[in-house]
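Peer 1:
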Amino acid sequence: MINVYSDIIQFKGNHYQFGYRQGELLQNSPILKHRNLQKGSRWRNFLVDIDEVRDAFQTFSPAIWEELEGLADALQMPIKDAIREFGGYYYEYGRSGCSIYTEADFLIRNYDNAPRSYEGRYVIYKPTDAGYATVGPTMQITGRTDGINEKGFAMGYNFVNRIKSDDGFVCNMIGRLLLENCASVEEAKQLLQELPHRHTFSYVLLDKNGYSVVAEVSPRNVKFREANMCTNHFEELTEENRYRTDESMERLNKISSQQSSVENPYEAYQLLNNLEKGVFSKKYDAWAGTLHTAAYLPKEMKAWIALGANRPPLIFDFQKWLNGQPFHATKIKGVLDTDEQFVNV
């Protein structure tokens, strides 16, 4: 068992300023040093087409390109290196787990991966130049694993396959683009059909009207289905699935068989976070252990998060923060049943 934590980072300002501030924080953090050790020399030689990535951001989010420039300036690195590290366009995603359960009032999500892949950053950001205010855990610094925005739109994603990848944005940057640009599920569906996708993922979407869909997305196709639970396989685009989906099906069945007893968001949260329910995973050595359980309540405009199993969530009142009330917590603390630390330690 080890103690882990995520830093809570709050910022209001334009995207360049936000990028610069994140770069300053990274100068005093072990995150980049550990990442570079993990990736090795081959990653540093990976070819970057600056024009291709810039054009993609200019099409879908010029502001996030400015955030990348701010990061590059603060860290005194060439923009091509900033793209490689933070651009959400070049990134080989390892296989992972993840489970999501929604109803009209909530989206509950287990993020399953290896601890050494986890940055331990929980970011609350209100842009002053473009895009909606958002809250959620980060991946690759600029991306989001899940989250909610000021319009009450929430999302999370689940890995399906990394075979037959193509040029395009990776999952965490797609999550960020959805949160900053979409006020509703319908807007998110439209954006998902327009974006170039590098890998194959499910994106689970929920808005303030209680409308929820699962988007099955690959570099070749996008399909939507109405469902309130999702793990790591497609039910429509089945040709995109991995060869074995047994474990994914097992987690889905455990959610399905217990959902009738859920009467409120906290019981839904417990369904995914409590070990005895059978959805929370301790398979950390297989890149499939649950690192955080997050809950998003669009109608209440609240976000919950916990690190590890059987833990009460930290509750963040997003609406109060948007109205100017400060959030005083600086860290989310937790415990994982592993000996492997987050990359922020």
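Per my numbering, the very first residue in the sequence shown carries number 85; after that it's consecutive.
Using N, Cα and C, we set each Cβ at its ideal position, and we do this for glycine too.
Predicted model only: the values in this text are computed from it and were never measured.
So what does DSSP say about Asn-194, is it helix, strand or coil?
Peer 2: DSSP places Asn-194 in strand when its eight states are reduced to three.
Peer 1: Would you verify that the beta carbon of Val-306 is, or is not, closer than 8 Å to some beta carbon of chain D?
Peer 2: Among the protein chains of the structure shown there is no chain D, as only one such chain exists.
Peer 1: Only counting the same chain, and skipping five residues up and downstream in sequence, which positions put a Cβ closer than 8 Å to that of Glu-164?
Peer 2: Per the sequence shown, residue 164 should be read as Lys rather than Glu. Excluding sequence neighbours, Lys-164 sits near Val-132 and Ile-134.
Peer 1: Looking only at C-alpha atoms, which of Tyr-353, Lys-210, Pro-410 and Gln-224 sits nearest to Asn-120?
Peer 2: Among Tyr-353, Lys-210, Pro-410 and Gln-224, the Cα nearest to that of Asn-120 belongs to Gln-224.
Peer 1: Pull up the CB-CB distance for His-118 and Val-419, whole angstroms please, since I reckon it's below 8 Å.
Peer 2: Rounded, the Cβ-Cβ distance is 21 Å, inconsistent with contact.
Peer 1: His-317: buried (16+ other C-beta within 10 angstroms of its C-beta) or exposed?
Peer 2: His-317 comes out buried.
Peer 1: Tell me which residue opens and which closes the beta strand (DSSP E) that Met-385 is part of.
Peer 2: No beta strand (DSSP E) contains Met-385, which DSSP labels as neither H nor E.
Peer 1: If you drop the 5 nearest sequence neighbours on each side, which residues of the same chain put their C-beta closer than 6 Å to that of Thr-377?
Peer 2: Excluding residues within five positions, the ones whose Cβ falls inside 6 Å are Asn-194, Leu-356, Asn-357 and Ala-390.
Peer 1: Just checking, does the stretch 264–274 make contact with the stretch 244–252 on the three C-beta pairs under 8 Å criterion?
Peer 2: No, the stretch 264–274 does not touch the stretch 244–252.
Peer 1: Does DSSP classify Phe-400 as helix, strand or coil?
Peer 2: The answer is strand: DSSP assigns Phe-400 an E or B state.
Peer 1: Output needed for Ser-183: all residues of its chain with C-beta closer than 7 Å, excluding positions within five of it in sequence on either side, in chain order.
Peer 2: Answer for Ser-183: Asn-194, Thr-315, Arg-335, Ile-339, Leu-356 and Val-363, listed in chain order.
Peer 1: Looking at the secondary structure, which residues open and close the beta strand (DSSP E) in which Gly-97 lies?
Peer 2: Unbroken beta strand (DSSP E) run through Gly-97: 86–97.
Peer 1: Work out the CA separation of Tyr-241 and Asp-196 for me, nearest whole Å.
Peer 2: The straight-line gap from Cα to Cα measures roughly 11 Å.
Peer 1: To the nearest whole angstrom, what separates the beta carbons of Tyr-100 and Glu-187, a pair I think is in contact under 8 Å?
Peer 2: Tyr-100 to Glu-187, Cβ: 39 Å. No contact.
Peer 1: Between which two residues does the beta strand (DSSP E) carrying Asp-230 extend?
Peer 2: Where Asp-230 is concerned, the enclosing beta strand (DSSP E) stretches over 230–233.
Peer 1: Determine the contact status of Glu-234 and Thr-284, defining contact as a CB-CB distance below 8 Å.
Peer 2: No.
Peer 1: Buried or exposed: His-412, going by 16 or more other Cβ atoms within 10 Å of its Cβ?
Peer 2: By the 10 Å Cβ count, His-412 comes out exposed.
Peer 1: Using a Cβ-Cβ cutoff of less than 7 Å, which residues in the same chain neighbour Ile-399 once the five nearest sequence positions on both sides are dropped?
Peer 2: Within the same chain, Ile-399 has close Cβ partners Lys-386 and Trp-388.
Peer 1: Quick check on this structure: which residue in His-281, Glu-320 and Ile-416 has the alpha carbon closest to the alpha carbon of Pro-396?
Peer 2: Checked all of His-281, Glu-320 and Ile-416; the closest Cα to Pro-396 is Ile-416.
Peer 1: Quick check on this structure: which residue in Val-244, Gly-204 and Ile-247 has the alpha carbon closest to the alpha carbon of Gly-227?
Peer 2: Nearest option by C-alpha distance: Gly-204.
Peer 1: In the DSSP output, which residue or residues are listed as bridge partners for Phe-243?
Peer 2: Paired residue(s): Phe-285.
Peer 1: Nearest-angstrom Cα distance between Thr-374 and Pro-199?
Peer 2: In a straight line, the C-alpha of Thr-374 is about 9 Å away from that of Pro-199.
Peer 1: Using the rule of at least 16 other Cβ atoms within 10 Å of the residue's Cβ for burial, across every protein chain shown, is Thr-143 buried or exposed?
Peer 2: Exposed, by the Cβ-count rule.
Peer 1: My assumption, with CB atoms under 8 Å, is that Lys-273 sits in contact with Val-288. Please give the rounded CB distance.
Peer 2: With a Cβ gap of about 12 Å, Lys-273 and Val-288 do not count as contacting.
Peer 1: My guess is that Leu-406 and Phe-190 are in contact by the Cβ rule of under 8 Å, so how many angstroms apart are they, rounded?
Peer 2: That pair is no contact at about 19 Å.
Peer 1: So, at 7 Å on beta carbons, what are the nonlocal neighbours of Glu-108 in its own chain, with the 5 sequence-adjacent residues on each side left out?
Peer 2: The answer, listed in chain order, is Ala-158.
Peer 1: Does the Cβ of Thr-322 have 16 or more other Cβ atoms within 10 Å, making it buried, or fewer, making it exposed?
Peer 2: Result: exposed.
Peer 1: Can you check which of these residues, Lys-292, Pro-349, Trp-149 and Asp-139, is closest to Ala-214 by C-alpha distance?
Peer 2: For the residues Lys-292, Pro-349, Trp-149 and Asp-139, the minimum Cα distance to Ala-214 belongs to Trp-149.
Peer 1: Might you give, ordered along the chain, the residues of its own chain that have their beta carbon closer than 7 Å to the beta carbon of Thr-222, omitting 5 neighbours on each side?
Peer 2: Here the set comprises Glu-203, Arg-205, Val-207 and Arg-228.
Peer 1: Within the same chain, show all residues whose beta-carbon is closer than 6 Å to that of Lys-96, passing over the 5 residues directly before and after it, in chain order.
Peer 2: Counting only Cβ-Cβ distances below 6 Å, and skipping sequence neighbours, we find Lys-210.
Peer 1: Give me the residue from Asp-401, Leu-359, Asn-305 and Ala-299 with the minimum Cα distance to Ala-311.
Peer 2: Answer by Cα proximity: Ala-299.
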